[in-house]
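Colleague: Protein sequences, first through last, are from chains C and Y.
Residue numbering for the first sequence follows this note's numbering, starting at 1 and increasing by one per position.
Residue numbering for the second sequence follows this note's numbering, starting at 1001 and increasing by one per position.
All C-beta atoms in this analysis are idealised placements derived from N, C-alpha and C, irrespective of residue type, glycine included.
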Amino acid sequence: MNTLTSLLLAAVLAAGLAGPAQAQAQQKSDPDNPEANATWQQMRTAVFQGRPITTPAEAVLSLDAPERAQDAAIVPISIRTHVEQRPERYIERVYLMIDNNPSPMGAVFHFTPRSGRADIETRVRVDAYTHVRAIAEMNTGELYMATRFVKASGGCSAPPGKDAAAAMASLGKMRFRVEGEVEAGKPALAQLMISHPNNSGLVMDQLTRMYTPAYFVRRIQVSYAGEPVLSADVDFSISENPNFRFYFVPSGAGELKAEVIDTNDLRFETVVKVGAGT
Amino acid sequence: MVGGLLRTAVCAFALAGAGLSGANPGVEPLPVAEIAPGVHVHSGHQAAWPGARADAVQGDIANLGFVIGEHCVAVIDTGGSPALGQRLLAAVQRTTTRPVCFVINTHVHPDHTLGNAAFAALEPRPRFVGHARLKASLAARAPFYREALERELGVVTTAADIVPPDLEVDASTELDLGGRRLRLQAWPTAHTDNDLSVLDEASATLFAGDLLFIGHLPVIDGRLLGWLEVMDRLASQDVRQMVPGHGPPTRDWPAALATQRRYLEGVRDGIRRALADKRTIADAVEALADTGIDGWLLSADFHRRNLTAAYAELEWED
């Protein structure tokens, strides 16, 4: 069992959550007091052992999210960091948490000095009114947190995907590209798109009363010229067709390679050739 | 305004029909208008579901209908709360003594399905009819709809309020109401992945569900490009009038389809440009937030959402 799965199981068990209705009933959040959420307090102890967390920490990281989830299934999240990734001091992990989702730990991103910047953009599902948190952990152990309160969508929008059959039909298709001019030694922006239903499995079959199995991307590993630049443990809080934008530092010509593993242990791989400095 | 005219007609009709039956005296029947012989439509408010505790909307935003045959009645969509389903049933029972034999849901959205339970209690139980993908979509989404209803209106529901279809349509089918046939068409992913339209052959009235919006901004919860294709096929049908999912029933449905097409194509073209300009999803939504929405209601509720959904779809285009 990977780290993220055990974390999310711990949180789900601790909170006794069985579905969104219960989540809403049990996990009331106060927009003005991000500390006052029971799930967060449990995660804080379980994941960070009660270590001090500096917040806000605008010199280290900021978090952008819409005030209201327009489409509950696709909520854009942007985490920007303001720390140079130097070998002696860099952001080693960024945790993305959505307090009131059935699986609050949406992703743990692992960075290296070769990431250049520990920025991440992705899209998440938002089940209920909730705080979203980005927590940066330095290689030296300090913790910094940015939070945003996101209102659930109004109307008929819901976190499940829009076309389950289409998502399965194009399962594992990927798009991978590097944006803009690439210059050796300077962080370059890459985007990885994965066609995958990334479903939660929190849907009960009316006849059997059994929940359908969750099926989602659980691990992403990206390397440049054989060296890791980003890895991530992720889960179904990430939207259908997971999408990540991140940085890496190109040197000469090299290959940027992404490997994706889902909960059925299917592996998908894609490569983009990078010609830095040309 | 057409909605106002409809409501006036409704009141006159309701008085004329009063006292016909009245199975549940505590329930106020929903106002309905007879738009063709035997074809009755309730016009919902032009508002976002479910509304707020203090306002008059109370989940009542979709157009609902029923068609009366010689033997029995087909209900088309049931309203955005269990109470609205009861009121629609009361409207049916005030209009006719014939039993309800079919309850058709045009798609999964809560304003069209949450009244189902009122009809599930009838004896004999009607058949519940939906697109072949409705059941799965309802199972995945209903918990969120129930939660929203409780959060916004304080209306508590149970799992039994969610009634899935027991007659599933994967292409097309016909329902016989006795001397009157309904032709049901299941569509590829468009407004949702489970859109079903209902044609009353006798009056050439098409219940388009949310494949057609009038007034209320169209909402993309399926596939934008698929929807545009489905609209081409809708436009080629030989139909006298269309009942949109939202907005007044109309005989000038080609104009209504054209207006909807303009909006959806505007979203498509704007997002394609944003993608070509390498804008991120958040930037693209910001940049297009004020474009293409003139003349539409509820754009503050749905336009950004449409841009978001369209971006996530169109970024996969070749």
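Taking the CB atoms as reference points, tell me whether P250(C) and V272(C) lie closer together than 8 Å.
Modeller: To locate residue 250(C), count along the first sequence from 1; it is residue 250. To locate residue 272(C), count along the first sequence from 1; it is residue 272. Not a contact, by the Cβ cut-off of 8 Å.
Colleague: If you count every other CB in all the chains shown that lies within 10 Å of the CB of Q1093(Y), and 16 or more means buried, which is it?
Modeller: Taking the second sequence and counting its residues from 1, the one referred to as residue 1093(Y) is at position 93. By the neighbour-count rule (16 or more Cβ atoms within 10 Å), Q1093(Y) is buried.
Colleague: Would you say the segment 110-126 of chain C touches the segment 77-86 of chain C, given that touching needs at least three Cβ pairs under 8 Å?
Modeller: Yes: the two stretches touch, three or more of their Cβ pairs being nearer than 8 Å.
Colleague: Considering only the beta carbon of each residue, do F248(C) and A188(C) sit closer than 8 Å?
Modeller: Residue numbering aside, residue 248(C) sits at position 248 when the first sequence is read from its first letter. Residue numbering aside, residue 188(C) sits at position 188 when the first sequence is read from its first letter. Going by C-beta atoms, F248(C) is nearer than 8 Å to A188(C).
Colleague: So if DSSP puts V75(C) in a beta bridge, which residue, or which two residues, is it bridged to?
Modeller: Indexing the first sequence from 1 puts residue 75(C) at position 75. DSSP output for V75(C) lists V124(C) as bridge partner(s).
Colleague: Please confirm if G19(C) has its CB atom under 8 Å from at least one CB of chain Y.
Modeller: The sequence position of residue 19(C) within the first sequence is 19, counting from 1. At G19(C) the pLDDT is 46, less than 50, meaning the model places this residue with poor confidence; the figure from the coordinates comes in the next sentence. So, interface residue.
Colleague: In the DSSP assignment, what are the bridge partners of S1197(Y)?
Modeller: By one-based count along the second sequence, residue 1197(Y) stands at place 197. Q1185(Y), per the DSSP bridge assignment.
Colleague: Consider the Cβ of D1318(Y): report whether some Cβ of chain C lies at a distance smaller than 8 Å.
Modeller: Start at 1 with the first residue of the second sequence, and residue 1318(Y) comes out as number 318. Answer no: the Cβ-Cβ gap between D1318(Y) and chain C never drops below 8 Å.
Colleague: Starting from the Cα of T263(C), find the closest Cα among F236(C), T39(C), Q221(C) and G50(C) and give me that residue.
Modeller: Locating residue 263(C) in the first sequence gives position 263, counting from the first residue. Ranking F236(C), T39(C), Q221(C) and G50(C) by Cα distance to T263(C) puts F236(C) first.
Colleague: Rounded to the nearest angstrom, what separates R1146(Y) and V1156(Y) at their Cα positions?
Modeller: Walking along the second sequence from the start, residue 1146(Y) turns up at place 146. Walking along the second sequence from the start, residue 1156(Y) turns up at place 156. Each residue's Cα considered, the two are about 7 Å apart.
Colleague: If you follow the beta strand (DSSP E) that S170(C) is in, where does it begin and where does it stop?
Modeller: Translated into positions along the first sequence, residue 170(C) becomes position 170. That residue, S170(C), is in no beta strand (DSSP E); it is neither H nor E in DSSP.
Colleague: Does the separation of the CB atoms of L1182(Y) and L1196(Y) fall below 8 Å?
Modeller: Counted from its first residue, the second sequence places residue 1182(Y) at position 182. Counted from its first residue, the second sequence places residue 1196(Y) at position 196. Their beta carbons are not under 8 Å apart, which means L1182(Y) does not touch L1196(Y) by this criterion.
Colleague: Reducing DSSP to helix, strand and coil, say where R1272(Y) ends up.
Modeller: Counted from its first residue, the second sequence places residue 1272(Y) at position 272. The answer is helix: DSSP assigns R1272(Y) an H, G or I state.
Colleague: Hey, quick one: how far does the alpha helix (DSSP H) through G1085(Y) stretch, first residue to last?
Modeller: Walking along the second sequence from the start, residue 1085(Y) turns up at place 85. Run containing G1085(Y): P1082 to T1095, per the alpha helix (DSSP H) assignment.
Colleague: Hey, out of G1179(Y), G1222(Y), I1220(Y) and T1192(Y), whose CA is closest to E1201(Y)'s CA?
Modeller: Here the question's residue 1201(Y) lines up with position 201 in the second sequence. Checking every option, the nearest Cα to that of E1201(Y) belongs to G1179(Y).
Colleague: Kindly say whether E1315(Y), judged by its beta-carbon, lies nearer than 8 Å to any beta-carbon of chain C.
Modeller: Here residue 1315(Y) refers to the residue found at position 315 when the second sequence is read from its first residue. Yes, its Cβ sits closer than 8 Å to a Cβ of chain C.
Colleague: Would you say F1119(Y) reaches chain C, if we count a Cβ-Cβ gap shorter than 8 Å as a contact?
Modeller: Against the second sequence, residue 1119(Y) aligns to sequence position 119. Chain C contact via Cβ: absent.
Colleague: Step through the CB atoms of chain Y and report whether any lies within less than 8 Å of the CB of A158(C).
Modeller: As a position in the first sequence, residue 158(C) is number 158, starting the count at 1. Closer than 8 Å to some Cβ of chain Y, the Cβ of A158(C) qualifies, so yes.
Colleague: Kindly indicate if chain C contains any beta-carbon less than 8 Å away from that of F1213(Y).
Modeller: The residue labelled residue 1213(Y) in the question sits at position 213 within the second sequence. Chain C, which has no Cβ nearer than 8 Å to the Cβ of F1213(Y), makes this no.
Colleague: Is P66(C) helix, strand or coil by DSSP?
Modeller: Translated into the one-based positions of the first sequence, residue 66(C) becomes position 66. DSSP places P66(C) in coil when its eight states are reduced to three.
Colleague: Between the alpha carbons of P197(C) and Y224(C), how many angstroms are there, rounded?
Modeller: Counting from one through the first sequence, the residue named residue 197(C) turns up at place 197. Counting from one through the first sequence, the residue named residue 224(C) turns up at place 224. Whole-angstrom Cα-Cα distance: 27 Å.
Colleague: Please classify P31(C) as buried or exposed, where buried requires at least 16 neighbouring CB atoms within 10 angstroms.
Modeller: Taking the first residue of the first sequence as position 1, residue 31(C) is located at position 31. Its Cβ having fewer than 16 others within 10 Å, P31(C) is exposed.
Colleague: Chain Y partners of D71(C), CB-CB under 7 Å?
Modeller: Here residue 71(C) is taken as the residue at index 71 of the first sequence, counted from 1. The contacting residues are R1305, T1308 and A1309.
Colleague: Within 10 angstroms of the Cβ of E1152(Y), are there 16 or more other Cβ atoms? Answer buried if so, exposed if not.
Modeller: Here residue 1152(Y) corresponds to residue number 152 of the second sequence, with the count starting at 1. Classification of E1152(Y): buried, given that the 10 Å Cβ count is 16 or more.
Colleague: Quick check for students: name the residue ranges of the alpha helix (DSSP H) that lie wholly in the segment 208-235 of chain C, counting only runs of 4 or more.
Modeller: Correct list: empty.
Colleague: When you compare only the Cα positions, how much space is there between F1144(Y) and Q1058(Y)?
Modeller: For this step, residue 1144(Y) is matched to residue 144 along the second sequence. For this step, residue 1058(Y) is matched to residue 58 along the second sequence. If I take the Cα positions, the gap works out to 17 Å.
Colleague: Do A57(C) and V150(C) have their C-beta atoms closer together than 8 Å?
Modeller: Within the first sequence, residue 57(C) is the residue found at index 57, counting from 1. Within the first sequence, residue 150(C) is the residue found at index 150, counting from 1. Not in contact: A57(C) and V150(C) (Cβ atoms no closer than 8 Å).
Colleague: Might you give, ordered along the chain, the residues of its own chain that have their beta carbon closer than 6 Å to the beta carbon of A1036(Y), omitting 5 neighbours on each side?
Modeller: Within the second sequence, numbered from 1, the residue matching residue 1036(Y) stands at position 36. Hits under 6 Å: S1203 and T1205.
Colleague: Grouping DSSP H, G and I as helix and E and B as strand, with all else coil, what is L1175(Y)?
Modeller: The residue labelled residue 1175(Y) in the question sits at position 175 within the second sequence. Three-state result, L1175(Y): strand.
Colleague: State the Cα-Cα distance for the pair E1174(Y) and V1285(Y), rounded to the nearest angstrom.
Modeller: The sequence position of residue 1174(Y) within the second sequence is 174, counting from 1. The sequence position of residue 1285(Y) within the second sequence is 285, counting from 1. Those two C-alpha atoms are separated by around 42 Å.
Colleague: Determine contact between the segment 1241-1248 of chain Y and the segment 1266-1277 of chain Y, defined as no fewer than three beta-carbon pairs at a distance below 8 Å.
Modeller: Taking 8 Å as the limit for Cβ pairs, the verdict is that the segment 1266-1277 of chain Y does not touch the segment 1241-1248 of chain Y.
Colleague: Name, going along the chain, the residues of the segment 1162-1193 of chain Y whose beta-carbon falls closer than 8 Å to a beta-carbon of chain C.
Modeller: Going along the segment 1162-1193 of chain Y in chain order, one finds P1164, T1189, T1192 and D1193 with a Cβ nearer than 8 Å to chain C.
Colleague: Could you check where the alpha helix (DSSP H) with K1135(Y) kicks off and where it finishes?
Modeller: Counting from 1 along the second sequence, the entry for residue 1135(Y) is found at position 135. L1134 to L1153 is the span of the alpha helix (DSSP H), which, as asked, contains K1135(Y).
Colleague: Is it the case that the Cβ atoms of P1244(Y) and I1214(Y) are separated by a distance below 8 Å?
Modeller: As a first step, residue 1244(Y) must be located in the second sequence, where it is residue number 244. As a first step, residue 1214(Y) must be located in the second sequence, where it is residue number 214. Taking 8 Å as the Cβ cut-off, P1244(Y) and I1214(Y) qualify as a contacting pair.
Colleague: Which residue or residues does DSSP assign as beta-bridge partners of P1244(Y)?
Modeller: Stepping through the second sequence from its first residue, residue 1244(Y) is reached at position 244. In DSSP, P1244(Y) forms a bridge with G1209(Y).
Colleague: By DSSP's criteria, N298(C) is part of a beta bridge. Which residues make up the other side?
Modeller: Because chain C spans 1 through 278 in this model, residue 298(C) falls outside it and cannot be assessed.
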